[in-house]
Amino acid sequence: MTATTNPHEIRSRTHTWRPPLPWNEAGDLTGLEMLQKILKEEIPEPPIGGTLGFRLVEAGEGAAAFEGDPGEHLLNPMGTVHGGFVATLLDSALGSAIATVVPRGRVYTTMQLNVHMVRPVLADTPRLRCEAATVHVGRTMATAEGRVIGAADGKLYAHATTTCAILALP
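One point on numbering: in the numbering used here, the residue at position 9 of the sequence shown is -10, and numbering is uninterrupted.
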């Protein structure tokens, strides 16, 4: 048995983060302004990205993109990357696309997420890119669609749609 296949070998992964921006400070920014400040590292990125290994890479009016690196730490008992990684990547990009058009003083929350996996993600799958764009934005509800593709080769891994509620800042 080699060291890489020894089921008794202990591995670890360390992750650090900065506390997220408090809600009362977030209300001073539009969603697009907040995402642009995250890209410029002027405010902390949400801790979930560091936990799972993905990050915001683009944000524009009605669109957002994230990139993430699959790995062994994300495997399920079947030996493939857990679908929750792909779903979280999609939920983040879809919600961020909606955030870019949410007015100052308002926030969004996911109400429905429909994910279609079309190709397995393995521990050694190269970097994935998730691109999302809004489809409809109303006063109290918005929808968006997105795709997870291989960052280098463009192969489709998953696609999804979301419906988000738009709410007054708590």
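Glycine included, each C-beta is placed from N, C-alpha and C at the ideal position.
Treat the numbers as computed from the prediction; the structure is a model and nothing was measured.
Sorted by chain position, which residues of the same chain lie with C-beta nearer than 6 Å to residue i's C-beta, five sequence neighbours on each side aside?
| i | result |
| --- | --- |
| R108 | E48, D50 and A132 |
| G30 | R36 |
| T106 | P51 |
Do residue i and residue j have their CB atoms nearer than 7 Å?
| i | j | result |
| --- | --- | --- |
| A74 | G127 | yes |
| H(-11) | T32 | no |
| V118 | V82 | yes |
| V96 | A68 | yes |
| A146 | T90 | yes |
| V62 | V102 | yes |
| T144 | Q93 | yes |
| A114 | V129 | no |
| R(-6) | H54 | yes |
Whole angstroms are fine: how far does the CA of residue j sit from the CA of residue i?
| i | j | result |
| --- | --- | --- |
| A125 | N(-13) | 43 Å |
| L148 | D72 | 18 Å |
| A141 | G76 | 12 Å |
| W(-2) | K21 | 16 Å |
| R85 | A40 | 16 Å |
| P151 | I(-9) | 43 Å |
Leaving out five residues on either side along the sequence, give the residues of the same chain with a beta carbon under 7 Å from the beta carbon of residue i.
| i | result |
| --- | --- |
| E26 | I19, R36 and L37 |
| G52 | G34 and A104 |
| N57 | H63 |
Can you find a heavy atom of the ligand PLP that lies under 6 Å from the Cβ of residue i?
| i | result |
| --- | --- |
| P1 | This structure does not include the ligand PLP; it has no bound ligands of any sort. |
Any idea which residues DSSP pairs residue i with across the strands?
| i | result |
| --- | --- |
| G154 | Summary: the structure shown does not reach residue 154, with the chain confined to residues -18 through 151, and so no result is reported for it. |
| E112 | A46 and R128 |
| G41 | A44 |
| I147 | Y89 |
For residue i, which residues from the same chain have a beta carbon less than 8 Å from its beta carbon, with the 5 sequence-adjacent residues on both sides left out?
| i | result |
| --- | --- |
| I24 | L2, M15 and K18 |
| E42 | L13, T81 and V82 |
| K136 | R100 and I130 |
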